[in-house]
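Participant: First residue of the sequence shown? That's 644 in our numbering, and the numbers climb one at a time after it.
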Amino acid sequence: MQLSVIGLREGSEPSLPLGLLLRGVEWGIWQGRIEDVVRMSGRSTIWRRLAEALLLAYLLTLPAGRLLPHRDPLIYGVALFGVLDAAFGPPAARLRGLWPVGAFLFVHLLSVVFSTDRSLSIELSVFTPVVALVFVVAQRVLDTPAAAGRLQLTLGLVAALISIDGAVQAVTGGVGVFSWHADPVAADRVRASLPHPNDLVLVPILLPFLFEALRERGRRWLAAGAVVVAPAVLIALVASKSRNAWLTTAGVVFVWTLLILGWRWALGAFGGLLLAGLALYAGDVYGARARAADFLKLGRDGRVGLYLVAWAMFRESPLLGKGVFTFGDFYRPEWYAGRVRFPAGYVPERGIIPWAHNIPLELLAERGVLGLGTFVWMIGSALAGVRRRLGEPRTATAVVSLAGFLGASMLDLTLMKDWVALLLMLLLAYLWRLGAMGDGARGESVV
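1. Please report the straight-line C-alpha distance between residue 949 and residue 736, rounded to a whole angstrom.
2. What are the start and end residues of each continuous alpha helix (DSSP H) run of 4 or more residues lying completely inside the region 840-867, in chain order?
3. Are the beta-carbon atoms of residue 1021 and residue 747 separated by less than 7 Å?
4. Are the CB atoms of residue 779 and residue 702 within a distance shorter than 7 Å?
5. Here's a check: name, in chain order, each residue in its chain whose Cβ is nearer than 7 Å to the Cβ of residue 960, leaving out the five neighbours to either side.
6. Could you tell me the boundaries of the alpha helix (DSSP H) in which residue 831 lies?
7. Mind checking residue 980: buried by the 16 CB within 10 Å criterion, or exposed?
8. So the candidates are 725, 810, 730, 1025; which of them puts its Cα closest to the Cα of residue 781?
9. Smallest Cα separation from residue 839: which of 705, 1076, 692, 1067?
10. Less than 7 Å between the beta carbons of residue 795 and residue 696, yes or no?
11. Tell me the DSSP secondary structure of residue 766 in three-state form.
12. Using a Cβ-Cβ cut-off of 7 Å (strictly less than) and excluding sequence neighbours within five positions of residue 885, which residues of its own chain qualify?
13. How is residue 1059 classed by DSSP in three states: helix, strand or coil?
14. To the nearest angstrom, how far is the alpha carbon of residue 676 from that of residue 691?
15. Less than 7 Å between the C-beta atoms of residue 847 and residue 891, yes or no?
16. Kindly indicate which three-state DSSP category residue 1053 falls into: helix, strand or coil?
17. Taking only the alpha-carbon atoms, compute the straight-line gap between residue 762 and residue 962 and give it to the nearest angstrom.
18. Would you report the Cα separation of residue 1080 and residue 894, rounded to the nearest angstrom?
19. Tell me whether residue 788 is buried or exposed, calling it buried when 16 or more other Cβ atoms sit within 10 Å of its Cβ.
20. With burial defined as no fewer than 16 other Cβ atoms inside 10 Å of the residue's Cβ, what is the status of residue 1075: buried or exposed?
21. Pair every Cβ in the region 990-1009 with every Cβ in the region 1056-1073, then say whether three or more of these pairs are closer than 8 Å.
22. Can you list, in chain order, the residues of its chain whose CB lies under 7 Å from that of residue 1067, leaving out five sequence neighbours each side?
23. What first and last residue would you give for the alpha helix (DSSP H) that runs through residue 754?
24. Work out the CA separation of residue 716 and residue 733 for me, nearest whole Å.
25. Would you please state the rounded distance, in angstroms, between the beta carbons of residue 973 and residue 951? I believe it to be under 8 Å.
26. Measuring straight from C-alpha to C-alpha, what distance separates residue 983 and residue 977?
27. Using 7 Å as the threshold, is the C-beta distance between residue 1064 and residue 1008 below it?
28. Quick one: does residue 713 have its CB under 7 Å from some CB of chain B?
29. Taking the beta carbon of residue 742 as the centre, do at least 16 other beta carbons fall within 10 Å, making it buried, or is it exposed?
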């Protein structure tokens, strides 16, 4: 650098301000060189990898929900590093599914604007922008088969940890791995460290990821999973007394064997599950007999009233519904008394029930046909992108998991819960990325 250009002679000392300026210029030159080296060496994906690390860390906190109630900074970090990656990182593959997901979120916004309780809709939608950002960031971080494998392994670990925690709770009568004090709820129905026993439906939804992650690592890992994790899954699900978790497990096993092994194996798996259920019923394991008997009383089940109220809400506001997350405002006797005809002898559940326990009906009631239509568009578009890859293990795993999610959504789930909305967008992003990259590098290391 020629000092004469800035008015200094050789050997002269600059003034303090000018010296600081020169130091800054020198640092800027070296910083530019460093950035060039980083970009040329491929290390400019640092923001992408940080976003991925925080996303996986957030998912791993789900099994320890009550020990780590303040984990939102992790997901905010995912969004922050995702934005930094978009601004300073290398180009990423074209994002897929933006039209259907964008339409779904736009209908969400419209439903908030025209909501019958706008302040409630806004308050309960605070996590929605973060979920939307996670959908975009997930597609950017799932840029290689190795990254897809790391997500698969993480989701499998979540299923294993929840199962082990729930099994320990069942054996000890309330004390689990992630709950150091006896849980009074778990004394009757195991819930691990999740908010409610019905949330253990997350285990069968994620079980395909656990199986595939172990399978990719060889028969020894599969054998270890069968010895350690399979009994924990069985104990946790039975002791949860969650009918939704039981039905979802059966559905996941059936669809998984159908896709991978064919319909004969699927029928055999169905028969095996039926025999296992009969054995648990006969032995009344963890009070399964009384809970299973509820299947014979579906006409008096509390969900019937919820579904009828949701349908009445939809009939009054068929286009955009009553407003996002407003079901609790309408499940009140003073509203449904003159609008809903319950079956003879049916007694509606009392108390505050904030969601319809059925995502399609929830969408119809709160977002109308536009809400359900864009939801179906999202699911259909993601599945269409992998329709020719269903024979590939990772693709089949994701499809079975999504099938489990959709099955569970018919009986209990709600998009009001952060983890439900996040898991839905994560599964869709994963499917779209698999459709783009294929599954040709299944044997690639995920470490």
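For glycine and all other residues, C-beta sits at the position ideal for the given N, C-alpha and C. The structure displayed is predicted, hence computed values, not measured ones.
Facilitator: Looking at the coordinates:
1. The count along the sequence shown starts at 1 and reaches residue 949 at position 306. The count along the sequence shown starts at 1 and reaches residue 736 at position 93. The alpha-carbon atoms of residue 949 and residue 736 are separated by roughly 43 Å.
2. 845-859
3. Mapped onto the sequence shown, residue 1021 falls at position 378. Mapped onto the sequence shown, residue 747 falls at position 104. Contact flag set, yes.
4. Against the sequence shown, residue 702 aligns to sequence position 59. Against the sequence shown, residue 779 aligns to sequence position 136. No, Cβ-Cβ distance for residue 702 and residue 779 is not below 7 Å.
5. Within the sequence shown, the letter at position 317 stands for residue 960. The residues are 1011.
6. Locating residue 831 in the sequence shown gives position 188, counting from the first residue. Note, residue 831: premise wrong, no alpha helix (DSSP H); not H, not E.
7. As a working note, residue 980 is residue 337 in the sequence shown. Burial call: exposed.
8. Taking the first residue of the sequence shown as position 1, residue 781 is located at position 138. Of the candidates 725, 810, 730, 1025, the one whose C-alpha sits nearest the C-alpha of residue 781 is 725.
9. Residue 839 sits at position 196 when you count from the first residue of the sequence shown. When only C-alpha atoms are compared, the closest one is 705.
10. To locate residue 795, count along the sequence shown from 1; it is residue 152. To locate residue 696, count along the sequence shown from 1; it is residue 53. Their beta carbons are not under 7 Å apart, which means residue 795 does not touch residue 696 by this criterion.
11. Position 123 of the sequence shown, counting from 1, holds the residue named residue 766. DSSP places residue 766 in helix when its eight states are reduced to three.
12. One-based indexing of the sequence shown puts residue 885 at position 242. 840, 841, 843, 844.
13. As a position in the sequence shown, residue 1059 is number 416, starting the count at 1. In this structure, residue 1059 counts as coil in the three-state DSSP scheme.
14. For the purposes of this step, residue 676 is identified with residue 33 of the sequence shown, where counting begins at 1. For the purposes of this step, residue 691 is identified with residue 48 of the sequence shown, where counting begins at 1. Caution applies to residue 676, whose pLDDT of 40 falls short of 50 and renders its modelled position unreliable; the value that the coordinates give is listed next. Going by the C-alpha atoms only, they are around 21 Å apart.
15. The sequence position of residue 847 within the sequence shown is 204, counting from 1. The sequence position of residue 891 within the sequence shown is 248, counting from 1. Contact: yes.
16. For the purposes of this step, residue 1053 is taken as residue 410 along the sequence shown, with counting starting at 1. It is coil, neither helix nor strand.
17. Within the sequence shown, numbered from 1, the residue matching residue 762 stands at position 119. Within the sequence shown, numbered from 1, the residue matching residue 962 stands at position 319. Going from the Cα of residue 762 to the Cα of residue 962 covers about 20 Å.
18. Position 437 of the sequence shown, counting from 1, holds the residue named residue 1080. Position 251 of the sequence shown, counting from 1, holds the residue named residue 894. Residue 1080 and residue 894: Cα-Cα distance of roughly 28 Å.
19. Start at 1 with the first residue of the sequence shown, and residue 788 comes out as number 145. Buried is the call here.
20. Numbered from its first residue, the sequence shown carries residue 1075 at position 432. The residue is buried, with at least 16 neighbouring Cβ atoms inside 10 Å.
21. yes
22. In the sequence shown, counting from the first residue as 1, residue 1067 sits at position 424. Correct list, in chain order: 1048.
23. The residue given as residue 754 occupies position 111 in the sequence shown. Per DSSP, residue 754 belongs to the alpha helix (DSSP H) from 741-756.
24. Along the sequence shown, read from residue 1 onward, the residue named residue 733 stands at position 90. Along the sequence shown, read from residue 1 onward, the residue named residue 716 stands at position 73. When rounded, the distance between both Cα atoms is 25 Å.
25. Here residue 973 is taken as the residue at index 330 of the sequence shown, counted from 1. Here residue 951 is taken as the residue at index 308 of the sequence shown, counted from 1. Not really, about 11 Å apart at Cβ, beyond 8 Å.
26. As a position in the sequence shown, residue 983 is number 340, starting the count at 1. As a position in the sequence shown, residue 977 is number 334, starting the count at 1. Rounded to the nearest angstrom, the two C-alpha atoms are 11 Å apart.
27. Start at 1 with the first residue of the sequence shown, and residue 1064 comes out as number 421. Start at 1 with the first residue of the sequence shown, and residue 1008 comes out as number 365. Cβ distance not < 7 Å, so residue 1064 and residue 1008 don't count as in contact.
28. The structure shown contains no chain B, having only a single protein chain.
29. Looking up residue 742 in the sequence shown gives position 99. Residue 742 is exposed by the Cβ-count criterion.
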